[in-house]
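Since the structure comes first, as structure tokens, the remarks are kept for the end.
Number of protein chains: 2
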Amino acid sequence: MRAITLFDGELHFNADYAPHHAAVNLVEVKVLTAGICETDLQLKQGYMGFNGVLGHEFVGVAQTGPFTGERVVGEINCACGHCDFCRRDLPRHCENRTVIGILNHDGAFADSLFVPQENLHRVPDHVSTKHAVFTEPVAAACRILEQTNINGDHNVVILGDGRLGNLCAQVISTTRANVLVVGKHEWKLQRLNELGIQTELLAGFQPASTADFVVDCTGSPSGFPLSLQTVKPCGTVILKTTVAAEQPLQLAPVVINEVRIIGSRCGPFAPALKMIADKTIHVESLITAEYPLEQAIQAFRHAEQPDTLKVLLHVSDSV
Amino acid sequence: MRAITLFDGELHFNADYAPHHAAVNLVEVKVLTAGICETDLQLKQGYMGFNGVLGHEFVGVAQTGPFTGERVVGEINCACGHCDFCRRDLPRHCENRTVIGILNHDGAFADSLFVPQENLHRVPDHVSTKHAVFTEPVAAACRILEQTNINGDHNVVILGDGRLGNLCAQVISTTRANVLVVGKHEWKLQRLNELGIQTELLAGFQPASTADFVVDCTGSPSGFPLSLQTVKPCGTVILKTTVAAEQPLQLAPVVINEVRIIGSRCGPFAPALKMIADKTIHVESLITAEYPLEQAIQAFRHAEQPDTLKVLLHVSDSV
């Protein structure tokens, strides 16, 4: 099959890749469309030391199991089901887990990938494939609602106007919190304004220790220090993007101002898919470009530009 | 009056210091005994840029107000009462606050200090002055119980066997949590064993990502990375000591393991004083040495040694 693989930091288009995967309980999913994520760009730069087929945002058609012949999306953490963390109901933190397209598990930039049945969710018929492919990043944004009690009384500042910042802003706005997105790109902020979300250019932003919650979606080492200047005493900073590199940090302000910091990673697919299906979350305007799988290397180059939001890869029109 | 002042990193004994203080609503407290805290040692090294009279752990006798002639202890954050944080019931984070012996407010290593009436708590007659002087650090440990839901189902690892680690271990043990203190000093761990608290030498400690809560009381840059190795996914790290210096840190594990980090500073005096009064908390064995105020500089040198727990300064036997 065709597959985009990463080996030692180099992307390759393989016309005839032999998929390898653990053989038990996995459903073959023939891929329709996949999204390129910030994490993919970081993996390419050596994060996690991943070698194999990239891609963890996807819509495909299940080839076996109860959803045979239907469109599905899939949660990316594949749990063993019997370790200590699985038993304590933390399957996303399973100590033996594979993570699709990220850790020891071939991903979705290929004709097929193999997903545990329990990770699959059926896509409602009226939801387009191009929209459903956003389920994974919307779920990651929904994770914040599981981890906090954000509500209409709160001021929330989101740092970063990229793909994830946009989706976090939309998801958090469903709580009726007062949301402000701070970013570098006027046209990305404009997209948020069109959805009724307040924005401010980073250049003019004055952090004032007043936000109840700050969500760091910058993907940049500057995000954390700015978060600490923006959050109020006893407020909460949610770290949404991984900054792989070590950076010089001072933790004394965390103690003095009694700040809470919450790491936040993958989230629940069911509410995310529902938000996309009922158009609570608008994803159409996030699509910057679409490429066929054969042009994946070009698509990656496009996704690496600062003037993009989401770049999609079309693997197949129908299967 | 006599006072130990810090100016530009140098301690001085002043035989005839003229106290200066805001004149309104402050009660003169004639000091009986004061304790030297890790923060005092850090202030001496330039933390907060404090110049003035040090000392924020004290027992004294109130000279005016409802507690006139009685022994009192005093909360250290002096709030303005009208700023945004005071109005939102966060007086310890008042943006105009002074902090006794730490920020724009002369402290207790002197014959007298001046404390807002609302900060004072009467010491019950049966509690000795030497025990009551621990109210401030015990309150700082009690702050953890306000910020978390630690209970008998939880595994709690406390990193650091010093003064604060010891008190945090005792306070958290009141929840019936399974507490383990990890430290460098056999004799300090022995003190904890005598109170029925489990301990382990740092040299033999294998962090295993299993603790529900980790409390960093190390006062060392190594504490935070070790905390992240010790806490379980979705667990909580409580930062209890300020490390003033910048240090190279990697935050990716916080995101990947969805760790919560809580900065924790000053705490409530009423429950702390009660725990000392009813001997829930044992402080006697923490006292390493006692010095008269005139020998404060020597006392500081003693407190800086790794083989000490609490060093007390006796200012006056009676007033």
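The listed protein sequences derive, respectively, from chains D and G.
In short: position in the first sequence from 1, add 417, done, that's our numbering.
In short: position in the second sequence from 1, add 417, done, that's our numbering.
Glycine is no exception: its CB is placed at the ideal position from the N, C-alpha and C atoms.
The model shown is predicted, which means the values in this text are computed figures rather than measured ones.
Segment contact: the region 562–576 of chain G against the region 540–549 of chain G, fewer than three CB-CB distances shorter than 8 Å; contact not assigned. Close to residue 665/G, with beta-carbon spacing below 9 Å, are these residues of chain D in chain order: 663, 664, 665, 666. The shortest CA-to-CA distance from residue 419/G to any of 532/G, 456/G, 447/G is the one to 447/G.
Residue 597/D is not a Cβ neighbour of residue 627/D, given a cutoff of 8 Å.
Boundaries of the alpha helix (DSSP H) around residue 554/D: 552–564.
Residue 529/D has 447/D as its beta-bridge partners, per DSSP.
Closer than 8 Å to the CB of residue 430/D there is not a single CB belonging to chain G. The closest CA to that of residue 667/G, considering only 676/D, 675/D, 656/D, is found on 656/D. Per DSSP, the unbroken alpha helix (DSSP H) holding residue 548/D starts and ends at 546–549. Residue-level contact check: residue 681/D touches chain G, since one or more beta carbons of chain G fall below 8 Å from its beta carbon. Taking a Cβ-Cβ cut-off of 7 Å, residue 634/G has no neighbours in chain D, whose nearest Cβ is about 11 Å from it. Listed along the chain, the chain G residues whose CB falls inside 7 Å of the CB of residue 507/D are 650, 651. The three-state secondary structure of residue 633/G, taken from DSSP, is strand.
Put simply, the CB of residue 676/D is near chain G, with a gap under 8 Å to one of its CB atoms.
Cβ-Cβ separation between residue 698/D and residue 584/D: approximately 7 Å, consistent with a contact (criterion under 8 Å). Beta-bridge pairing by DSSP links residue 479/G to 446/G. Per the DSSP secondary-structure output, residue 491/D pairs in a beta bridge with 537/D. Between the region 551–569 of chain G and the region 461–478 of chain G there are three or more inter-stretch CB-CB distances shorter than 8 Å, so the stretches are counted as touching. Residue 633/D is not a Cβ neighbour of residue 653/D, given a cutoff of 8 Å. Interface criterion not met: the Cβ of residue 519/D is under 8 Å from no Cβ in chain G. Taking 8 Å as the threshold, the shortest C-beta distance from residue 731/G to chain D does not fall below it. Closest by C-alpha distance to residue 629/D, out of 647/G, 630/G, 502/G, is 502/G. At the C-beta level, residue 493/D and residue 713/D stay beyond 8 Å of one another. Between residue 450/D and residue 719/D, the C-beta spacing is not below 8 Å.
Residue 458/D places its beta carbon 8 Å or farther from that of residue 707/D. Contact annotation: in the region 526–550 of chain D, no residue has its CB less than 8 Å from a CB in chain G.
Uninterrupted beta strand (DSSP E) stretches at least 3 residues long and entirely within the region 635–694 of chain D occur at 648–656, 664–666, 677–680, given in chain order.
Between the region 663–681 of chain D and the region 675–683 of chain G there are three or more inter-stretch CB-CB distances shorter than 8 Å, so the stretches are counted as touching. Residue 582/G: member of the alpha helix (DSSP H) spanning 580–590, first to last residue. Along the region 589–615 of chain D, none of the residues has a CB nearer than 7 Å to a CB of chain G. For the pair residue 689/G and residue 537/D, the Cα-to-Cα distance works out to about 52 Å. For the pair residue 516/D and residue 491/D, the CB atoms are not nearer than the 8 Å cut-off. Out of 621/D, 455/D, 595/D, 460/D, the CA that lies nearest to the CA of residue 557/D is found in 455/D. The beta carbon of residue 510/D falls within 8 Å of a beta carbon belonging to chain G, placing the residue at that interface. Remark: C-beta atoms of residue 594/G and residue 567/G approach each other more closely than 8 Å.
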